[in-house]
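K.L.:
Number 781 marks the last residue of the sequence shown (the working numbering); no jumps.
Beta carbons are placed, not taken as given, at the ideal position from N, Cα and C, and that holds for glycine.
Small disclaimer: the values here were computed from a predicted structure and weren't measured.
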Amino acid sequence: MNALPVTIDTSADSCCTPGQAMDDGTAHDLAKVFKALGDPTRVKLLSMIVGSSAGEMCVCDLTDPVGLSQPTISHHMKLLVEAGLVTREQRGKWAYYQPTTGTLADAAKALLG
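1) Excluding five sequence neighbours on each side, which residues of the same chain lie with their C-beta closer than 8 Å to the C-beta of Leu748?
2) Is the CB-CB distance between Thr769 and Gly752 below 8 Å?
3) Using DSSP's beta-bridge definition, name the partner residues of Cys726.
4) Give me the Cα-Cα distance between Val674 and Gly687, rounded to the nearest whole angstrom.
5) Give the single residue among Ser742, Asp697, Cys683, Asp729 whose Cα lies nearest to the Cα of Lys777.
6) Mind checking who Gln758 pairs with in its DSSP beta bridge?
Put into C-alpha cells, the structure is as follows:
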C-alpha cells in the first residue's frame, strides 16, 4: 500500500489565531483562586459553606465533617479568604465564614472571555 503525499503549508505565521492574553493582575488573581481550590479539603469546606442552609458556618462546625483539627481548618479557611472565595466574621472566640458571591463566576468569565 502506497502512502499519499502530505503537503504542509509552512508559509503562515501560525496554525491558529490565539485568544487575547489576560493581563498579569487578572492572571495572578485567578491563580490564587485555583490554588485555593487545588486542595480537596478546601473544596469540601467551600462546598459545605455554600450549601449551608444558614448561609454561613462556624469554624467549630467544620472540623468533624472533614476530620481535621480546628487550627488546620483555620489554615485552610485563611487560604479561601485570601482567594476571595469566602469572608470571615469574628464573633467572640469563633470565626464564621460566608461564601462570597461571584468569585467562581468571575473566574470562569475571565477564562472564557
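P.N.:
On the basis of the data shown:
1) Residue 748 sits at position 80 when you count from the first residue of the sequence shown. Excluding residues within five positions, the ones whose Cβ falls inside 8 Å are Ala704, Arg710, Leu713, Leu714, Val754, Tyr765.
2) Counting from 1 along the sequence shown, the entry for residue 769 is found at position 101. Counting from 1 along the sequence shown, the entry for residue 752 is found at position 84. Between Thr769 and Gly752, the C-beta spacing is not below 8 Å.
3) Your numbering for residue 726 matches position 58 in the sequence shown. According to the DSSP secondary-structure assignment, Cys726 is paired through a beta bridge with Tyr764.
4) For the purposes of this step, residue 674 is taken as residue 6 along the sequence shown, with counting starting at 1. For the purposes of this step, residue 687 is taken as residue 19 along the sequence shown, with counting starting at 1. So the two alpha carbons sit approximately 29 Å from each other.
5) Your numbering for residue 777 matches position 109 in the sequence shown. When the alpha-carbon of Lys777 is set against those of Ser742, Asp697, Cys683, Asp729, the nearest one is in Asp697.
6) One-based indexing of the sequence shown puts residue 758 at position 90. Per DSSP, Ala763.
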